[in-house]
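Chains as they are written, first to last, in the working numbering: chain H, 1 to 351; chain D, 1 to 351.
Below is one structure; the comments refer to it alone.
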DNA sequence: CTCCTTATGCTCGTTATGAGTATAAATATC
DNA sequence: GATATTTATACTCATAACGAGCATAAGGAG
């Protein structure tokens, strides 16, 4: 009957558990039509689950990471409450919408594991907050999400990085597969992730794309991790793709989060967690566009949310904007009682 | 710093970690038009993450539970591989489709926690297998999923239990709320979970319903857990709802899994993991119906999967059935390259 | 007053969906 | 062997949902 970790005692330090658990928060806001994520600075050698705060900014090179905190096994009633607790303490943010994202537990995702450190599990959460008010004095800041995934922002048409670097690299990767069968496999994986070209790009497959790029050796993480393992990178690539990285596997976690949001937005009214109580329809649309990374047809968006019962007009108008003043709307909570899956129903493809 | 569990020492046995991690498998198959889940027998006092195998079947009353296994922090490269490993060892099953479901970590979900035991986290996985071949000699067996959720099977119309017990109880629960505000809150929660009546029942909200029923005190778990906590059940209910329970919070985990499958089936071609290589369209339809719990329109289902490009005919016919022989079809793998979200697109409501 | 900008209303063709009707090809029954 | 029964499969039809575009309204800037 399945004992955990065949002998809890076998792990690090003679008596340690061999496994430690941390909680991870992907906190998303949309400001200035840009989706943003809250990151913190950690010293270069910080263990993932925290550690002595090691005097941040004391000289050693710091990395950017997602906020991480502990579960107090004797105190926190649920994982989510634990997350809310330490996010409040760390950043001053009172989280609204929170959902569990995924639990990450690959071996060596914390490099210290190679030096006898414990296996580190992270239960990652996605949180949406309304504004960019970071109250904490902690070294946290809002970063544009597309800083980490430049290839995911199609609002201005196909990003040049996709055309110029990504697709050619993918094609080369498929071509250079060792053997016919491997080539077919790669072709299919590439087609699923990138939709065989600029057409058919599926906005939700953020994680598939990230993982493929990682595997192809196009990301700095690939080199970093291979070096840590004492191997040489899979296929030495001239230069990594543009786009910032994050410590540990946190860019992967962020990719998971972005994909989840893009999916969720279609069938649950989660956008409203990101806009003020009252908003113009354009603001709502821009928020959806920021997250989904594509442009939407204005009139149809209006029809969708208005006659779809997602919003109701307040009768009041927005002040101080260019052009004809827009009516302020608010979310119609009743819609969740009326329709099974009220979302904004993005088009399959952009444009 | 966040060491896990602020005071690793406080836990079980003086040196325990305070947190232990287990993996949980919800293994689903569909046989005889019935969705089934693999369960195992555990002695009444088994700790969730396993422990000394305590001689199964030695007299003490046994409970039914989901298969559970460990993560070997030094050996298993990923959580999913760990799961595949011990499922193979325990049951002989070679899992095909596997996806992570959710991580459960509420306090006291393992009752031994109250007696100083460690906090037990379970990372639950959903696995789909083609046939009901349980090779292992372990005390595992296939149970009909609706044995645990009789109110979720609407294939024969609204289940009598819904009409006769569930909805009346829900209405009473709303009515008896302490105060006006609480009543409104309950009304809304009930409406979301149960769709304000036999109409608008959303098949995917399995977990919402389970949790509401738990909270209402309509399940044996409510009483069990309250007793373990030394409290009295929230609102003493005459008799619990029909439907088998599972050990620990495993019925909740199963509810999560069923809801996930029902959602997934709509936009990913996962049904094909549950039928043989070649199948008739009726068989495919019955499998979808078994999972979604509703009946579908035969001709439209055919149109959906056939002209939708999900399947292709083999030209061969099924042998030995009543009526006109049906053509055998197979899954068209190419569809995942062609369409972004190929699923079977269930109707919002039944009938 | 005219142009520019944004908001909002409405139309139109296409596709998807829900519900049938009709016919075909087997086996079972008398 | 004719007929009923059962299941498969092909089509039709009305309606809803969707994608794209035209047209008009209501502000400010020049």
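All residues carry an ideal CB built from backbone N, CA and C; glycine is no exception.
Note that this is a predicted model, so its numbers are computed, not measured.
Taking buried to mean at least 16 other C-beta atoms within 10 Å of its own C-beta, is residue 39(D) buried or exposed? Position 39 of the second chain holds residue 39(D). Classification of residue 39(D): buried, given that the 10 Å Cβ count is 16 or more.
Is it the case that the CB of residue 320(H) approaches a heavy atom of the ligand ADP more closely than 7 Å? The model depicted lacks the ligand ADP and carries no ligand whatsoever.
Could you work out which residue in 42(D), 339(D), 100(D), 246(D) is closest to residue 268(D) when comparing CA atoms only? Numbered from 1 along the second chain, position 268 holds the residue referred to as residue 268(D). Measuring from the Cα of residue 268(D), the nearest candidate turns out to be 339(D).
Between residue 264(H) and residue 270(H), what straight-line distance do the alpha-carbon atoms span, to the nearest angstrom? Along the first chain, read from residue 1 onward, the residue named residue 264(H) stands at position 264. Along the first chain, read from residue 1 onward, the residue named residue 270(H) stands at position 270. One C-alpha to the other measures close to 7 Å.
Mapping the DSSP letters down to three states, classify residue 335(D) as helix, strand or coil. Locating residue 335(D) in the second chain gives position 335, where the first residue counts as 1. In the structure shown, residue 335(D) sits in a helix (DSSP, three-state: H, G or I).
Secondary structure at residue 78(H), three-state DSSP: helix, strand or coil? Within the first chain, residue 78(H) is the residue found at index 78, counting from 1. Residue 78(H): coil per DSSP, three-state reduction.
Backbone CA spacing between residue 109(H) and residue 124(H) [nearest angstrom]: To locate residue 109(H), count along the first chain from 1; it is residue 109. To locate residue 124(H), count along the first chain from 1; it is residue 124. Computed Cα separation, rounded: 14 Å.
Which residues in the same chain have their Cβ closer than 6 Å to the Cβ of residue 192(H), if we skip the five residues on either side of it in sequence? Your numbering for residue 192(H) matches position 192 in the first chain. Counting only residues of its own chain and dropping the five nearest sequence neighbours on each side, residue 192(H) has no CB closer than 6 Å to any other CB.
Under a Cβ-count criterion, where at least 16 other Cβ atoms within 10 Å of its own Cβ denotes burial, should residue 184(D) be classed as buried or exposed? Position 184 of the second chain, counted from the start, is the residue given in the question as residue 184(D). Per the 10 Å Cβ criterion, exposed.
Residue from 23(H), 24(H), 33(H), 168(H) with nearest C-alpha to residue 295(H): The residue labelled residue 295(H) in the question sits at position 295 within the first chain. The residue from 23(H), 24(H), 33(H), 168(H) with its alpha-carbon nearest to that of residue 295(H) is 33(H).
What separation, rounded to the nearest whole angstrom, lies between the Cα atoms of residue 216(D) and residue 209(D)? By 1-based counting over the second chain, the position of residue 216(D) is 216. By 1-based counting over the second chain, the position of residue 209(D) is 209. Straight-line measurement puts the Cα of residue 209(D) at about 10 Å from the Cα of residue 216(D).
What residues in the region 81-111 of chain D bring their beta carbon closer than 8 Å to a beta carbon of chain H? Cβ contacts with chain H come from 86, 90, 100, 102, 103, 105, 106, 107.
Neighbour flag for residue 305(D) against chain H, beta carbons, 8 Å: Against the second chain, residue 305(D) aligns to sequence position 305. No - not a single Cβ of chain H is within 8 Å of the one on residue 305(D).
Would you kindly check if the distance between the Cβ of residue 61(H) and the Cβ of residue 44(H) is under 8 Å? Taking the first residue of the first chain as position 1, residue 44(H) is located at position 44. Taking the first residue of the first chain as position 1, residue 61(H) is located at position 61. Closer than 8 Å, so yes.
Tell whether a beta-carbon distance below 8 Å holds between residue 158(D) and residue 150(D). For the purposes of this step, residue 158(D) is taken as residue 158 along the second chain, with counting starting at 1. For the purposes of this step, residue 150(D) is taken as residue 150 along the second chain, with counting starting at 1. Result no, Cβ atoms of residue 158(D) and residue 150(D) do not sit closer than 8 Å.
For a contact meaning CB atoms closer than 8 Å, what does residue 261(H) contact in chain D? Position 261 of the first chain holds residue 261(H). Result: empty, since nearest Cβ-Cβ is about 16 Å, beyond 8 Å.
At 3 residues or longer, and completely inside the region 124-165 of chain H: list those beta strand (DSSP E) runs for me, N to C. If only complete runs of 3 or more residues are kept, the region 124-165 of chain H shows the beta strand (DSSP E) at 140-144, in order along the chain.
Would residue 188(H) count as contacting chain D if we go by Cβ distances under 8 Å? Taking the first residue of the first chain as position 1, residue 188(H) is located at position 188. Yes, its Cβ sits closer than 8 Å to a Cβ of chain D.
Rounded to the nearest angstrom, how far is the Cβ of residue 21(H) from that of residue 254(H), given a contact under 8 Å? Walking along the first chain from the start, residue 21(H) turns up at place 21. Walking along the first chain from the start, residue 254(H) turns up at place 254. About 20 Å separates the two Cβ atoms, so there is no contact after all.
Who are residue 358(H)'s beta bridge partners in DSSP? Summary: the structure shown does not reach residue 358(H), with chain H confined to residues 1 through 351, and so no result is reported for it.
Can you tell me whether DSSP reads residue 111(H) as helix, strand or coil? One-based indexing of the first chain puts residue 111(H) at position 111. The answer is helix: DSSP assigns residue 111(H) an H, G or I state.
To test your reading of the DSSP string, which unbroken alpha helix (DSSP H) runs of 4 or more residues are found completely within the region 207-290 of chain D? The DSSP assignment places 220-228, 250-267 as complete runs of the alpha helix (DSSP H) inside the region 207-290 of chain D, in order along the chain (cut-off: 4 residues).
Which first and last residues belong to the beta strand (DSSP E) in which residue 316(H) is found? Reading the first chain from its first residue, position 316 is the one you call residue 316(H). In the DSSP assignment, residue 316(H) falls within the unbroken beta strand (DSSP E) covering 311-317.
Cross-chain neighbours of residue 191(D) in chain H, by beta carbon under 7 Å: As a working mapping, residue 191(D) is identified with position 191 in the second chain. Those are 337, listed as they occur along chain H.
Candidates 279(H), 239(H), 228(H), 220(H): which alpha carbon is nearest residue 252(H)'s? Translated into positions along the first chain, residue 252(H) becomes position 252. With distances taken between Cα atoms, residue 252(H) lies closest to 220(H).
Flag residue 19(D) as yes if its beta-carbon sits less than 8 Å from any beta-carbon of chain H, otherwise no. Locating residue 19(D) in the second chain gives position 19, where the first residue counts as 1. At least one chain H Cβ lies under 8 Å of residue 19(D).
Are the beta-carbon atoms of residue 71(H) and residue 19(D) separated by less than 8 Å? Within the first chain, numbered from 1, the residue matching residue 71(H) stands at position 71. Within the second chain, numbered from 1, the residue matching residue 19(D) stands at position 19. The Cβ atoms of residue 71(H) and residue 19(D) sit closer than 8 Å to each other.
Go through its chain and collect everything with a Cβ distance to residue 69(D)'s Cβ below 6 Å, but skip five positions before and after it. Walking along the second chain from the start, residue 69(D) turns up at place 69. Within the same chain, residue 69(D) has close Cβ partners 23, 86.
Interface flag, residue 55(H) vs chain D, CB-CB below 8 Å: Walking along the first chain from the start, residue 55(H) turns up at place 55. Model confidence at residue 55(H) stands at a pLDDT of 49, short of 50, so the residue's coordinates are unreliable; what they give is reported in the following sentence. At least 8 Å separates the CB of residue 55(H) from every CB of chain D.
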